[in-house]
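Numbering (our numbering), first residue to last: 35 to 116. Using N, Cα and C, we set each Cβ at its ideal position, and we do this for glycine too. All values derive from a computational prediction rather than experimental measurement.
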């Protein structure tokens, strides 16, 4: 898909409505989660992957970026059968 076919309508950060309890600041990832991270981009809902050691999520309540985009092509072109 050509990037000119995609238009960014709006972009904002959505933060959790309740702060993470201090006892749950770090969330250890399982082996399956580590494999999934290599298969696609993964953005945790209320934190960020630790940059030094990607084996856990730093639950810092930073939220996630919500992007509203418009793709200028028919859905059939995006979901074409192989």
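Asked                                                                              : Found
Reduced DSSP category for residue 52 - H, G, I as helix; E, B as strand; rest coil : coil
Cβ-Cβ distance between residue 42 and residue 107 below 8 angstroms                : no
Straight-line gap, residue 103 to residue 55 (C-alpha atoms, nearest Å)            : 33 angstroms
Closest residue to residue 46 among 86, 99, 52 and 57 (Cα-Cα distance)             : 99
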